[in-house]
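Numbering (our numbering), first residue to last: 45 to 125. In this text, a Cβ means the ideal position worked out from N, Cα and C, and glycines have one as well. It should be emphasised that the depicted structure is a prediction, and the values quoted were computed from it without experimental measurement. Heads up: the structure comes next, in structure tokens.
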């Protein structure tokens, strides 16, 4: 089973890297962009012996305690069987 964890800055936090990417895309001629926000992506392969509730609890804990800074970042995750 694989877990996919997406980490991004909270909406209330400024994203200078996203603004830089946005500016570069505009200079390159890309149209129709309103904003860009950047983040991180993690792919975690889990032991097949874990039940779905156990896997969810572990990924939640990993995301909360290790992968994010809860002051400025938020996360979401999904699974692939």
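Quiz item: Alpha carbon to alpha carbon, what distance is there between residue 60 and residue 107?
Solution: Residue 107 and residue 60: Cα-Cα distance of roughly 23 Å.
Exercise. Consult DSSP for residue 89 and reduce its assignment to one of helix, strand or coil.
Key: strand
Quiz item: When DSSP builds the beta bridges, which residues end up paired with residue 120?
Solution: 50
Quiz item: From residue 82 to residue 64, what distance separates their C-alpha atoms?
Solution: Residue 82 and residue 64: Cα-Cα distance of roughly 10 Å.
Quiz item: For residue 96, which three-state DSSP category applies?
Solution: helix
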